[in-house]
Amino acid sequence: MLRWLCVLGILFASACGMLSRAEEEMWVHEIVQDGPPIRDLLSECEWATIDAGFPPGDRDEAGMVVTSGWNVVEQPFSGKGRRFQGILQIEPLGEAGLYRVGARVRVQANKEVYRTLDRAEADWQSIDDDPGRARALLQHLIGRVQAPGLSDDFFNRKPWKENNG
Numbered sequence: 009m010l011r012w013l014c015v016l017g018i019l020f021a022s023a024c025g026m027l028s029r030a031e032e033e034m035w036v037h038e039i040v041q042d043g044p045p046i047r048d049l050l051s052e053c054e055w056a057t058i059d060a061g062f063p064p065g066d067r068d069e070a071g072m073v074v075t076s077g078w079n080v081v082e083q084p085f086s087g088k089g090r091r092f093q094g095i096l097q098i099e100p101l102g103e104a105g106l107y108r109v110g111a112r113v114r115v116q117a118n119k120e121v122y123r124t125l126d127r128a129e130a131d132w133q134s135i136d137d138d139p140g141r142a143r144a145l146l147q148h149l150i151g152r153v154q155a156p157g158l159s160d161d162f163f164n165r166k167p168w169k170e171n172n173g
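Every number in the working numbering is 8 more than the matching position in the sequence shown, counting from 1.
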């Protein structure tokens, strides 16, 4: 009898652990140096979401957050349709032009069983975030706000003219 109670207790504990699994936010961060003013950086965030393939969304200047619209990818099979939403968040780090920018891509799956291609009937449920698309979104922003190429120190040293022999 005691053995059965132990087995049931272990099964119940593992089942509760599976039910309490909550959506975990997966943010990807990057430091922006010598960045533009906040208002311009928010505009660049909006353009970066569009460049990354997301539809235009909302801009919250007070919260320093840009949220894209939902990019819907329909599939005829139940549970395979997805929609993605990009979020860029700016955090000033004290100095002028120094920011910590975070990116997150929320993902939802269409759990509708019968009418999977009908957006009005879609049953969207959150699943794990997509850190790969978040990194790509962040790179679209970094490409817009930081100068490309190597650092000034590299060009001042001119290593291609140094005699190594």
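The C-beta atom is built at its ideal place from N, Cα and C for all residues, glycine as well.
Source: prediction; values computed, not measured.
With DSSP run on the structure shown, which of helix, strand or coil describes W55? Numbered from its first residue, the sequence shown carries residue 55 at position 47. Helix, per DSSP.
So, at 6 Å on beta carbons, what are the nonlocal neighbours of V80 in its own chain, with the 5 sequence-adjacent residues on each side left out? Taking the sequence shown and counting its residues from 1, one reaches residue 80 at position 72. Exclusion of the five residues before and after V80 leaves R91 as the residues of its chain whose Cβ lies within less than 6 Å of its Cβ.
Can you tell me which of E32, E33, H37 puts its alpha carbon nearest to the alpha carbon of G110? As a first step, residue 110 must be located in the sequence shown, where it is residue number 102. If we check each option's Cα against that of G110, H37 comes out closest.
Please state whether DSSP places V176 in a helix, a strand or coil. Any question about residue 176 goes unanswered here, given that the chain covers just 9 to 173.
Determine whether the beta carbon atoms of Q116 and Q133 lie at a separation below 8 Å. As a working mapping, residue 116 is identified with position 108 in the sequence shown. As a working mapping, residue 133 is identified with position 125 in the sequence shown. Yes.
Please name the residue, chosen from N118, I135, E54, I39, that lies closest to K186 on a Cα-to-Cα basis. No answer is possible for residue 186: it lies beyond the span of the chain, which begins at 9 and ends at 173.
Which first and last residues belong to the beta strand (DSSP E) in which S76 is found? Sequence index remark: in the sequence shown, residue 76 carries index 68 (1-based). S76 -> beta strand (DSSP E) spans 73-81.
Residues near W168 by beta carbon distance below 8 Å, same chain, minus five either side: The sequence position of residue 168 within the sequence shown is 160, counting from 1. Per-residue confidence for W168 stands at a pLDDT of 48, beneath the threshold of 50, marking its modelled position as unreliable; the derived number appears in the next sentence. Cβ neighbours of W168 beyond the five flanking positions: none.
Pull the bridge partners of E38 from the DSSP assignment, please. Here residue 38 refers to the residue found at position 30 when the sequence shown is read from its first residue. The partner list for E38 (beta bridge, DSSP) reads V109.
Is the Cβ-Cβ distance between I39 and R152 less than 8 Å? Here residue 39 corresponds to residue number 31 of the sequence shown, with the count starting at 1. Here residue 152 corresponds to residue number 144 of the sequence shown, with the count starting at 1. Taking 8 Å as the Cβ cut-off, I39 and R152 do not qualify as a contacting pair.
Give me the Cα-Cα distance between Q154 and R112, rounded to the nearest whole angstrom. Locating residue 154 in the sequence shown gives position 146, counting from the first residue. Locating residue 112 in the sequence shown gives position 104, counting from the first residue. Between Q154 and R112, the C-alpha separation is close to 20 Å.
Helix, strand or coil for A117 per DSSP? The sequence position of residue 117 within the sequence shown is 109, counting from 1. Correct three-state label for A117: strand.
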